[in-house]
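Notes follow the structure.
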Amino acid sequence: MIDAEILLSTEKDALPALSKTLKPEDLDTLVDWLSEKDDKLRYSSLLVLHSRSKDSDDLYKYWDVFVSKLKSDNSYQRSIGLMMIAANVRWDKNSLFEAVFDDYCALLSDEKPITVRQCIQSFENIVPHKPLLNAKIADILMDIDILNAKETMRKLFLTDIINILLLIRKQAKSDEIEKYISDALLGGILDSKAKKALTAALLS
1 MIDAEILLST EKDALPALSK TLKPEDLDTL VDWLSEKDDK LRYSSLLVLH
51 SRSKDSDDLY KYWDVFVSKL KSDNSYQRSI GLMMIAANVR WDKNSLFEAV
101 FDDYCALLSD EKPITVRQCI QSFENIVPHK PLLNAKIADI LMDIDILNAK
151 ETMRKLFLTD IINILLLIRK QAKSDEIEKY ISDALLGGIL DSKAKKALTA
201 ALLS
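Here you go:
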């Protein structure tokens, strides 16, 4: 049975291996620790559970717990909620994600830039498993007002958005996505290095 000492003494790169050894009672404990105020305990619990979600559907039963975090007053909890939901979308046999889609996407307007980025990036785990939502996801991402963000965040937001659009584009191209990417290449938000990487991604 896992305890805080075992978790905190495990190196970060060993946490995925630890996740494969968890017992059912360990899951309850780790999900509870997601609400811990201790940063290290909370973060380590998140990493273990996130890794576990890649290999097993046994965290899907905690879906409502993760959903409840989306509207938390605490930004860490909002981020945890969205990341754990995204990690478990692959097991969403009951189409629960569709029911919380609007609340999930509301975090794209979160007051915390890091939460916005995490929300955008999380679609990497959602797009492959929810193809019927991909057009809607693309529209929502392309509708984000990049210029309304702090100048230091604009390139990061735009790069994150384009990475998801490229993923969607592999499944289905659209004129809107092509134009968005073209405008990004011609615009002044991305630097030359980012534009070069984007051009290479388009050709791959």
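This note's numbering applies: residue 1 is where the sequence shown begins, and numbers increase by one. Cβ coordinates follow ideal geometry from the N, Cα and C atoms, glycine included.
Determine the direct distance from the alpha carbon of G187 to that of Y76, and round the result to whole angstroms. Looking at the two C-alpha atoms, the distance is approximately 33 Å.
Of the listed residues H50, K23 and Y180, nearest to L34 (C-alpha basis): Among H50, K23 and Y180, the Cα nearest to that of L34 belongs to H50.
Is I177 near L185, with beta carbons less than 7 Å apart? At the C-beta level, I177 and L185 stay beyond 7 Å of one another.
For V89 and F231, believed in contact at Cβ under 8 Å, the rounded distance: This structure leaves residue 231 out entirely; the chain is present only between 1 and 204.
Nearest candidate by alpha-carbon position, reference L198, set Q171, L167, S174 and A172: Ranked by how close their Cα comes to the Cα of L198, the residues Q171, L167, S174 and A172 have L167 in first place.
Please name the residue in K69, D143, T29 and L8 whose C-alpha comes closest to that of L41. Ranking K69, D143, T29 and L8 by Cα distance to L41 puts L8 first.
Take every Cβ of the segment 111–118, pair it with every Cβ of the segment 134–142, and state whether three or more of those distances are shorter than 8 Å. Flag = no, the segment 111–118 and the segment 134–142 do not touch.
Taking L141 as the reference, which of E151, Y180, Y60 and K130 has the closest Cα? Of the listed residues, the one whose Cα sits closest to L141 is Y180.
Assuming R52 contacts S79 under a Cβ cut-off of 8 Å, what Cβ separation, rounded to an integer in Å, is found between them? Between S79 and R52 the Cβ distance is about 18 Å, and since that is not below 8 Å, they are no contact.
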